[in-house]
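Add 138 to a position in the sequence shown, counting from 1, and you land on the number used in our numbering. Backbone N, C-alpha and C fix where the C-beta goes; we use that ideal spot for every residue, glycine too. Please read these numbers as outputs of a predicted model, since none were measured by experiment.
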Amino acid sequence: MRIIEVTDSVSLKRDLDAGTSEQREAVDAIIEEVRKRGDQALFSYTEKFDGAQLDALLVEESEFLAAYEQLDPGVLKAIREAIENIRDFHQRQVQQSWMTTKEDGTILGQKVTPLDAVGLYVPGGKAAYPSSIMMNVIPAQAAGVGRISIVTPPQKEGTIPASVLVTAKELGVTSIYKVGGAQAIAALAYGTETIQAVDKITGPGNIFVALAKRAVFGRVDIDMIAGPSEIVVLADANANAQYIAADLLSQAEHDERASAVLVTPSSDLAEAVKTAVEKQLETLPKREIAAASIRDYGAVYVTKDLDEAVDVTNELAPEHLELLTEDAMALVGRIRHAGAIFVGPYSSEPVGDYFAGPNHVLPTNGTARFSSPLCVDDFVKKSSIISYSKQALKQNGASISALARLEGLEAHARAIDIRLEDE
Ligand SMILES: NC(=O)c1ccc[n+]([C@@H]2O[C@H](COP(=O)([O-])OP(=O)(O)OC[C@H]3O[C@@H](n4cnc5c(N)ncnc54)[C@H](O)[C@@H]3O)[C@@H](O)[C@H]2O)c1
Ligand SMILES: N[C@H](CO)Cc1c[nH]c[nH+]1
Ligand SMILES: [Zn+2]
């Protein structure tokens, strides 16, 4: 882990995955094939890429029952508690439609409508992430989305991990299809005999999934292309070095390209955290991934004072930010760019990943400068409502047609004038 004196600008930005030209071509070919051959293409790609020979794509009721039998009761309890917290938080984000009536009888408003259908990609491969199912499904349900489908690649035996099935069932989602990669994204975008097309696709995945999401964007909406995890800890001299090291490693273990950064005015803390990270790494099961992340993307920035530490943090615009300073809450107002802000020594980042309630799908790669966590708003759309009274049109018609003629749009102007002339 490098210790760096801050001189000029800092950045967490890394090349976003655009894929190789071979990968892009492969993804385009897969999408085309799914459009042409529907389910048959899904079965053959699942055999080719996941090694599973399937009779059916849809998970059956008996598989949910078997999954409950496999799951530890303590884990089921934790899943239920997390769902409750995440529901409670997202319920507060729900926006109502509104209308306002002016004195001249004009009614203006905004109608909020949930999306009809969304598809959630749940990665298979290396690890199952039931927490990501909660973070995608719960805001969609709070928004009132009519139909939620989940796609996820099966294991070789044709099964889906019990934790995924139980979490989905606890959330009331049972339309789970055993298909992954670009072929799953194509099926959600275009529909097949078994999988109905959706309006929006959310959820993380590997490069093939990311490229396919980019390729179908426009036909359907997508959430974002999430990059590798990031954490920045802003700490002063009194912060606990062991806590900081543990929290940095919590994100480093996600990915070799994850980034874990400490920003502090204290060079003593910088040294202590560096030593603690090295020590804690020794016993970490995923130490190869975490060590690579710390080596390549880990850093400690030593600033001249706390003010400069705040400036550096805002420049980094991290996905996750922990504030571990004397009066941490007082610093919140000075943070302009961060996906999620964890305040104080007991708000370790995994509290937010799993349990507290806010969404863990957050902007990465500096995009916290202009974007927000996944939320209920991502699953609704808004329509404007305009109702002019006769009186309102009489009073304002001349201005409207003047603006139309200013743009050379005579038909627009006449659509107004015809009503003004009509007594
Ligand atoms: N940001 C988050 O919240 C978050 C959460 C969970 C996972 N992730 C990320 O999601 C990713 C999961 O990746 P994964 O690979 O484990 O699972 P995945 O489900 O994304 O990808 C597996 C699929 O990739 C396709 N594939 C594999 N090799 C292929 C090839 N040569 N040609 C065409 N298609 C191919 C197959 O169809 C396979 O089903 C990881 O990068 C992980 O870091 C991010
Ligand atoms: N920290 C990840 C987002 O960067 C989300 C996650 C899921 N499970 C554990 N963590
Ligand atoms: Zn995490």
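Contact set for I363: own chain, Cβ-Cβ below 6 Å, skip 5 residues either direction
The beta carbon of I363 is closer than 6 Å to those of A348 in its chain, skipping five residues each way along the sequence.
Option in T340, L500, A414 with minimal Cα separation from S96:
Look at the range of the chain in this structure, 139 to 561, and you will see that residue 96 is not part of it.
Looking at the strands, I want to know which residues DSSP matches up with T238.
BP columns for T238 point to L246.
If we require 4 or more residues per run, which alpha helix (DSSP H) segments fall completely within the segment 484–515?
Within the segment 484–515, the complete alpha helix (DSSP H) runs of at least 4 residues are 487–492.
Buried or exposed: where does Q88 fall if 16 or more other Cβ atoms within 10 Å of its Cβ makes it buried?
The structure shown has nothing for residue 88, since the chain only spans 139 to 561.
Per DSSP, what kind of secondary structure is K519 in: helix, strand or coil?
Strand.
Please say whether A506 and A476 have beta carbons closer to each other than 8 Å?
For A476 and A506, yes; Cβs fall inside 8 Å.
Is K424 helix, strand or coil by DSSP?
Assigned with DSSP and collapsed to three states, K424 falls in coil, not helix or strand.
Can you give me the Cβ contacts of D491 inside the same chain, cut-off strictly under 7 Å, excluding the 5 residues immediately before and after it?
Taken in chain order, the residues that qualify are S269, H498.
Which runs of the alpha helix (DSSP H) fall wholly inside the segment 423–459 and span at least 4 residues, in chain order?
Within the segment 423–459, complete alpha helix (DSSP H) segments of at least 4 residues are found at 425–435, 444–454, given in chain order.
Leaving out the 5 sequence neighbours to the left and right, which residues in its chain are closer than 7 Å to E185 when beta-carbon positions are compared?
Excluding sequence positions up to five before and after E185, its CB lies within less than 7 Å of the CB of Q191, all in the same chain and listed in chain order.
Does the beta-carbon of Y267, which I'm using as the reference point, lie nearer than 7 Å to any heavy atom of ligand 1?
Correct: Y267 has its Cβ closer than 7 Å to ligand 1.
Got a sec: does ligand 2 put a non-hydrogen atom nearer than 7 Å to the Cβ of L422?
Proximity of the beta carbon of L422 to ligand 2 is not indicated: no heavy atom of the ligand is located closer than 7 Å.
Once DSSP output is grouped into helix, strand and coil, what is the label at S539?
Shown here, S539 sits in a helix according to DSSP, grouped into three states.
On the CB-based measure, 16 or more other CB atoms within 10 Å of its CB, does Y315 come out buried or exposed?
When all chains shown are included, Y315 counts as buried.
Closest by C-alpha distance to G262, when choosing among M237, G343, K532
It is G343 whose Cα lies nearest to the Cα of G262.
Would you mind stating whether V450 and T441 have Cβ atoms separated by less than 8 Å?
Closer than 8 Å, so yes.
If you run the structure through DSSP and keep just helix, strand and coil, what is A396?
Looking at A396 - three-state DSSP - the assignment turns out to be coil, as it is neither helix nor strand.
For N376, count neighbouring Cβ atoms within 10 angstroms of its own Cβ and tell me buried if that reaches 16, exposed if not.
Under this definition N376 is an exposed residue.
Buried/exposed call for L303, threshold 16 Cβ in 10 Å:
With 16 or more other Cβ atoms within 10 Å, it is buried.
Unbroken beta strand (DSSP E) run spanning R372, endpoints:
Strictly speaking, residue 372 in this sequence is Leu, with Arg absent from that position. Membership of L372 in the beta strand (DSSP E) is indicated by the continuous run 368–373.
Let me know if Q389 comes out buried or exposed under the rule of 16 or more other beta-carbons within 10 Å of its beta-carbon.
It is buried - the Cβ of Q389 has at least 16 other Cβ atoms within 10 Å.
What is the DSSP secondary structure of V90, counted as helix, strand or coil?
Because the chain in this structure spans residues 139 to 561, residue 90 falls outside the shown range and cannot be described.
With DSSP collapsed to three states, give me the class of S525.
It is a strand residue.
Just to confirm the assignment, what range does the beta strand (DSSP E) spanning R285 have?
Note, R285: beta strand (DSSP E), 285–290.
Which residue wins for smallest C-alpha separation from R218, given the options G356, A373, L309, S539?
Proximity to R218 across G356, A373, L309, S539 peaks at L309, based on C-alpha coordinates.
Alpha carbon of E559 to alpha carbon of K520, nearest angstrom
Straight-line Cα distance between these residues: approximately 34 Å.
In terms of residues, what are the limits of the alpha helix (DSSP H) holding G212?
Where G212 is concerned, the enclosing alpha helix (DSSP H) stretches over 211–229.
Near N452, what residues of its chain come up, given a Cβ to Cβ distance below 6 Å and the 5 sequence neighbours on each side ignored?
Counting only residues of its own chain and dropping the five nearest sequence neighbours on each side, N452 has a CB closer than 6 Å to the CB of R474, H475.
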